[in-house]
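Presented below is the structure to which this report refers.
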Amino acid sequence: MDSADDQQLPVPPPFMFGCGECTKLLRRFSAKVSADGGCFSEQVALAKHIAEKHPDDVPEPHTRDCDQCPTYAKRPDTADSWAEHRARSLFLPQAIARLM
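Per the numbering used here, the very first residue in the sequence shown carries number 7; after that it's consecutive.
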């Protein structure tokens, strides 16, 4: 996979299109990405929503190529942040999703 493929946004899973709040947050995120604007707050809002309202859809902890998951696993007080970290992979390229 080349670096252009690494930067491709994944197609979000179907559950996100069935949720009005996910759809709204995805549209805000997409608008920022399309405008080549900073989209950090939109990423955080979407990941937080997924972690809080769709906990069963949050991916399992990353077992390979993730520097963050072992750090989160060592600190039980970061469970919410860890879920948000994993949720980011639903709508961000892996290389970007695993930065925080």
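Heads up, the beta-carbon is just placed ideally off N, CA and C, and yes, glycines get one too. In this text the structure is predicted, and so the values were computed from the model without any measurement.
Remark: fewer than three beta-carbon pairs, one from each stretch, lie closer than 8 angstroms, so the stretch 66-78 and the stretch 32-40 are not flagged as touching.
Non-local beta-carbon contacts of residue 14 in its own chain, meaning distances under 7 angstroms to residues more than five positions away in sequence, involve 99 in chain order. Assigned with DSSP and collapsed to three states, residue 43 falls in coil, not helix or strand. Secondary structure of residue 99 (DSSP, three-state): coil. DSSP places residue 77 in the uninterrupted alpha helix (DSSP H) bounded by 74-80.
By the Cβ criterion, the stretch 78-88 is not in contact with the stretch 40-47, since fewer than three pairs of Cβ atoms, one from each stretch, lie closer than 8 angstroms.
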